[in-house]
Amino acid sequence: MANAIEARRLDVGYPGKHQAIKVISGLDLTVGAGTFLSILGPSGCGKSTFLRVVADLLDPLAGDITILGTSPKVVRGRRDVGFVFQDSTLLPWRTVRDNIRLPLVIGQGRLTREIADRSEELLQLMGLSALCDRYPHQLSGGQRQRVAIARALLGEPRLLLMDEPFGALDEITRDRLNDELLNLWRRTGTTVLFVTHSIAEAVYLGERVLVLAANPGRILFDGDLRSIKQEGNRCSRDDQAIAAAMAEMRQALGEAS
Ligand SMILES: Nc1ncnc2c1ncn2[C@@H]1O[C@H](COP(=O)(O)OP(=O)(O)O)[C@@H](O)[C@H]1O
Ligand SMILES: [Mg+2]
């Protein structure tokens, strides 16, 4: 199976007035298909910018990037990539059900039987069945975020990009959504890139954790947690090893900012 992501000497940034503003420099990164990758790093180090390149919302300045064996553009065209952002916007004049279905309905030109069936499944899975006829303003922040996740998952993307998706939520909601996300990931085998500010969340979710540094954005720490987590990427096989890995990440984050 092709890797989910292969980046080689990748420079990422934004066009400037006179010269480009380089945010990430010379990134080499390979992410295996089906990996749950957590990404930590100080604010401004380029986490969101990197996800934009993966999603084909921004062209790299230099270097190569291959997503699912092809270019970001092709992957985007095939709708193989889904996103959830910190403050995902829903359409205020559409119900929960329509918000979830709409991107795929537009993509396929009509509401197919499959879209209808699958969206009902996802509504149930995300605990939204009772809310499906509500409008976004009638939902809590956690409920809105669940709608955004269901919307991102409906197309069964092979790659799911999540940029601080639970940052604005209370801890209990966040814990629940973490578990729901892990269950979904186990069921579907999709590759997940998950950006968070929380070391605990990064370790709870990720099989692998990157810590990025800023100026220029680069990888400071790259830890594979599979050997210290339980089967199915479950935490706490070896609490001491997990604590040690978290301490290393904390130190890397300290150096990074
Ligand atoms: N549209 C843009 N144009 C120019 N610079 C930008 C733009 N968006 C972000 N940046 C800059 O790129 C750097 C990385 O930003 P970002 O990827 O959002 O960081 P992070 O997500 O890690 O907090 C920051 O210095 C930010 O100011
Ligand atoms: Mg960001």
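For what it's worth, our numbering labels the leading residue of the sequence shown as 1332, then goes sequentially.
Every residue, glycine too, gets a C-beta built ideally from N, C-alpha and C.
Note that the structure is predicted; figures quoted are calculated from it, not measured.
Same chain, Cβ closer than 6 Å to residue i, five either side skipped, listed in chain order
i     : result
A1479 : V1415 and S1419
M1493 : V1415 and F1525
L1360 : A1338
V1354 : V1343, G1344, G1377, T1380 and G1548
T1443 : none
Bounding residues of the alpha helix (DSSP H) (the contiguous stretch that carries residue i)
i     : result
S1450 : R1444 to L1456
F1381 : K1378 to V1385
K1404 : P1403 to G1408
P1434 : V1427 to Q1439
Q1476 : G1472 to L1485
Other residues of its chain near residue i: CB distance less than 7 Å, five sequence neighbours each side excluded
i     : result
G1400 : A1333
L1484 : G1413, L1453 and L1515
Contacting residues, own chain, Cβ-Cβ under 8 Å from residue i (five flanking each side not counted)
i     : result
K1348 : none
L1368 : V1362, T1522, V1523, L1524, F1525, G1537, E1538, R1539, V1540 and L1541
E1586 : A1544 and L1551
Q1282 : With the chain covering 1332 to 1588 only, the question about residue 1282 has no answer from this structure.
D1390 : V1384
Residue i: first and last residue of the uninterrupted beta strand (DSSP E) it sits in
i     : result
R1339 : I1336 to Y1345
S1356 : I1352 to V1362
G1413 : V1412 to F1416
Identity of the residues DSSP links to residue i by a beta bridge
i     : result
T1522 : L1490
D1395 : R1339
I1370 : V1526 and L1541
Counting only runs of 3+ residues fully inside the stretch 1547-1586, write out the beta strand (DSSP E) ranges in chain order. Contiguous beta strand (DSSP E) elements confined to the stretch 1547-1586 occur at 1549-1555, taking only those with 3 or more residues.
Which residues, in chain order, sit with a beta-carbon under 5 Å away from any heavy atom of ligand 1? Result (chain order): Y1345, V1354, S1374, G1375, C1376, G1377, K1378, S1379 and T1380.
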